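Data block below; observations after.
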Amino acid sequence: MGSMLLKVICGTMFLLGMSWNVMAKEVIKGRVVDSQSKEVLIGATVSVEGTSVGCATDAEGYFELEVEESGTVILVFRCVGYSEVKKSVVVDDKKVDLGTVGMLPMYINLSDVVVRGSLAVDRKTPVALSVVTAKEIEEKLSTQEFPEILKSLPSVYATKEGGAFGDGRINLRGFETENIAVMVNGVPVNEMEWGGIYWSNWAGLSDVTRFIQVQRGLGASKIAVPSVGGSINIVTNTTNAEAGGSISYGVGNDGYNKVAFSFSTGLLKNGWAMSILGARTWGDGYIQGTDFVGYSYFINISKKLGENHELSLTALGAPQWHNQRNRNDKMLIKAWEKLGDTKYNPSYGFADWNGEKVRKVSAYNKYHKPQISLNHLWEINEKSSLSSVLYLSLGRGGGYGGRSNKAHKYDWYGTSKGEPTTGDFRATDGTFNYTAVYNLNSASVIGSEMIMAMSRNEHNWYGLISTYTTKLGQYFDVYGGVDLRYYKGKHYNEIVDLYGGRYFIDDSRMNVKYKADDYTWQNKELKKGDIVYRDYDGYMVQEGFFAQGEYNRDALSVFVSGSLSNITYWRKDRFYYSKDEAKSDKESFLGGTVKAGANYNLTDQHNVFANIGYFSRAPYMQGGVFLQQDVSNETNPDAVNEKVFTFELGYGFRSSWLDANVNLYRTSWMDKTMANFFEKNGERVRVNLTGLDALHQGIEVDFVLRPLKDLKVTGMFSIGDWHWDGDGKGYAYNSLGEPVDKNGDPVSQVGGENHAQNTVKMKDVRVGNSAQTTFALGGSYQFLKGAHVGVDYSHFARNYAKFTPSLGYDLGAEKAFESPWRMPAYGVLDANINYRFPLSKVFGVMVSANVNNLLDKEYIADAEDGAGHDKDTAKVFYGFGRTFSVNLKITF
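Number 160 in the working numbering belongs to position 160 of the sequence shown; there are no gaps in the numbering.
Structure follows, in structure tokens:
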């Protein structure tokens, strides 16, 4: 909405006194856009400096300016809300095409001030980047998962995984989400303990997104902890919008419904401005038994304080609950073919109890993770400024996890060995038989033998990012700042359903050593609300510092930057340790980055860039620092920083009819830590593999073609070569974090002669879980004013199953692995149509419809490798078939 205000104001500022010389011989043409969001600027003025010759851009951002004489002229680009741009243009006897001219916004409020330090600028910042606009999100997202809006970008692979609301995932250049920096307005939101993202916590963010900027590789973000694969920066709406709002209602397949509203005051005369948005989404879910309800809200309040200070307060969140299909319930292809239903959910079922038949699931998630940030900008003088954001995130919620005694250890599983479980807990219609669980528990003389617990995760996260900027001379800019974080996560499992029994005895209590002689405590009859299995707090503190120098002169932009971070982890256990021993030792890791890059604009149409960088990153708390984070204070003696060396070359072309980019990259990932689990004598054993290296390299091409004024064609292809580049070794530990020998029995000395050590040989094994070849082609055509129809085809190939190195080897053994199974290539065609028209001077209407997977293609989207590394042993999830949605939106 804010961008529309700028476009409208620019249109009204058209300079009526400018003349159009009909005798002109030379023509300069181009297109004017917002350099960050890539949205076109309507009515931006283009004039020849020192003359009255000029014009304004049209509804698509294009302009054609005629000048009388050849030679060099200075063009001045102006638009309200944007910084003025001047370009020197050499005019000869032919038409001059400037391509795309970007203009930087001058923000009214501060929700973007810190973002500015994390965003890349086209033809200036030397990184590979792509932008998805709010218009594209509104027209194409439909009922898809939020990260799927990025699936047509180079080197991106996004799926719905289990298929429930918010359970999607995304990979970038072959790297998992824990190696991608995800930010909202420049503030990091990756989980602090393991680095990944639960997209269900951000499912409603699409309603308030102004644009998404994806930076592949090094990226421009100045936060102190870097990412390996790249960054996804989600920039929300701001209060630089005109007064007004919208209401909308949408429906879709499988009972999908969504209602939303928004309102903005615009910038008031007293300097205040406010924007709010709310939405509710609900449905039955495409996958069997995955009904959901989600909410989203956003509020931003801004105030200018005199000439030099501005404040902005933003709060956003997306509380939700949804039933799930467990990500571990992938099945063999032959099992799916036997069922004949890719929507099947093996943990969905019914219970007949006390004369009532109720629907049941063993996979359920409920969470709310609001983010509140206070932004401040201090314009110290004409050369210097200080921008800061103080933020808070409070996460509350969790997910179901079945608990049982040893006799029924595996009976909560929906699948076993790649097929639906059988026996008493599988009904004749294929659903899970929850009635059998009730019957088992009600007849038991030892209490409930199978119960449901909620895995609670409650975190408090506080952070500060502050950046000082100053100009040294005419061409140098210097940045420096801090990135400080404090995190506390409380984790415990609480009984929520005894399933017909009177109490539950938790076998985990037998593993609590300081209570070894307390028979009464070990055999306590636990009721609903009592804690089982785990109860601990995880802590993380980060002190980060960063600095960057930039040189910008004419066509050349160069930067050099560095950062240093110290991350400290510890945990406090209330279950397995006495009060005196509850707190673990603190483990600190010092990391840092050094990176540099340069961009050179060869002409107004051609540019080249290069970047290079090295960084050292601390291991994560989960799967790295602690041997068994849920139950033990024992730390991993082999935990070391992961190292990354990367470089990239890029080329860009910009014209009024074609924008194109080519990127070549090579990333070496060294000393990666990988935790693997398997069973030994009924005991869960963990092997901490260290010393693993991987190589990710490839080429990416993307383009936007405008052959006709009303036709836009987009496309991309990317080819990656991602493989493991070395061997890994790791010692084995039991579920309590104790070192074990080849038989799984505890030994006294870590790394001693009897301590089982495994070696995995992974040289040239393909990286799995992401398509290494991708291709996309799309088109959008305006067939009448305000009406567009679009199609998008996305193709994914050379996609290897998720690698599982714990398959098929014994404790203390050496194992050479093969590349995972190569999944069949597939392509999906999506279509959309939308029509925007004014209803009156006050009201506008947008009607849109989407069909995803228009041809109802059946394909495998996710796979986990099997012992044979082939289709017969791999376990898979199929992608969604044809889905649809229709939406009506009224603006005012």
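By construction, the Cβ of each residue, glycine as well, lies at the ideal position given by its N, Cα and C atoms.
As the structure is a prediction and not an experimental result, all values here were calculated from the model.
Test item: CB-CB of residue i and residue j under 7 angstroms
i: residue 700; j: residue 154; result: yes
i: residue 834; j: residue 788; result: yes
i: residue 283; j: residue 256; result: yes
i: residue 174; j: residue 720; result: yes
i: residue 535; j: residue 509; result: no
i: residue 546; j: residue 563; result: yes
i: residue 852; j: residue 830; result: yes
i: residue 762; j: residue 799; result: no
i: residue 131; j: residue 213; result: yes
i: residue 278; j: residue 261; result: yes
i: residue 501; j: residue 405; result: no
i: residue 586; j: residue 568; result: yes
i: residue 374; j: residue 390; result: yes
i: residue 656; j: residue 712; result: no
Cβ neighbour criterion (16 or more within 10 Å) applied to residue i
i: residue 92; result: exposed
i: residue 521; result: exposed
i: residue 354; result: exposed
i: residue 839; result: exposed
i: residue 685; result: buried
i: residue 669; result: buried
i: residue 897; result: Outside the displayed span of the chain (1 to 892) sits residue 897, for which this structure offers no information.
i: residue 309; result: exposed
i: residue 113; result: Legend: pLDDT at residue 113 = 44, less than 50; position of this residue unreliable, no value from coordinates given.
i: residue 202; result: buried
i: residue 555; result: exposed
i: residue 722; result: buried
i: residue 126; result: buried
i: residue 895; result: This structure gives no information on residue 895, because the portion of the chain shown stretches from 1 to 892.
Three-way DSSP call (helix, strand, coil) for residue i in this model
i: residue 731; result: strand
i: residue 181; result: strand
i: residue 512; result: coil
i: residue 440; result: helix
i: residue 785; result: coil
i: residue 623; result: helix
i: residue 336; result: helix
i: residue 150; result: helix
i: residue 257; result: strand
i: residue 522; result: helix
i: residue 748; result: coil
i: residue 145; result: coil
i: residue 742; result: coil
i: residue 207; result: helix
i: residue 883; result: strand
i: residue 431; result: coil
i: residue 531; result: strand
i: residue 134; result: helix
i: residue 821; result: coil
i: residue 378; result: strand
i: residue 300; result: strand
i: residue 654; result: strand
i: residue 709; result: coil
Proximity test, residue i beta-carbon vs the ligand NAP heavy atom, cut-off 6 angstroms
i: residue 814; result: For the ligand NAP, the structure offers nothing, since it holds no ligand at all.
Nearest-angstrom beta carbon gap, residue j and residue i [assumed within contact, 8 angstroms]
i: residue 769; j: residue 812; result: Residue 769 to residue 812, Cβ: 28 angstroms. No contact.
i: residue 55; j: residue 65; result: 5 angstroms
i: residue 77; j: residue 208; result: With a Cβ gap of about 29 angstroms, residue 77 and residue 208 do not count as contacting.
i: residue 421; j: residue 434; result: Going by Cβ atoms, the distance from residue 421 to residue 434 rounds to 13 angstroms, so no, they are not a contact pair.
Strand pairing of residue i, partner residues [DSSP]
i: residue 234; result: 184, 212
i: residue 98; result: According to DSSP, which records beta bridges pairwise, residue 98 is partnered with nothing at all.
i: residue 90; result: 72
i: residue 714; result: 704, 778
i: residue 837; result: 845
i: residue 689; result: 674, 730
i: residue 831; result: 791, 851
i: residue 570; result: 539
i: residue 420; result: 415
i: residue 226; result: Note: residue 226 sits in no beta bridge, so no partner.
i: residue 49; result: Its beta-bridge partners do not exist; DSSP assigns none.
i: residue 599; result: 557, 609
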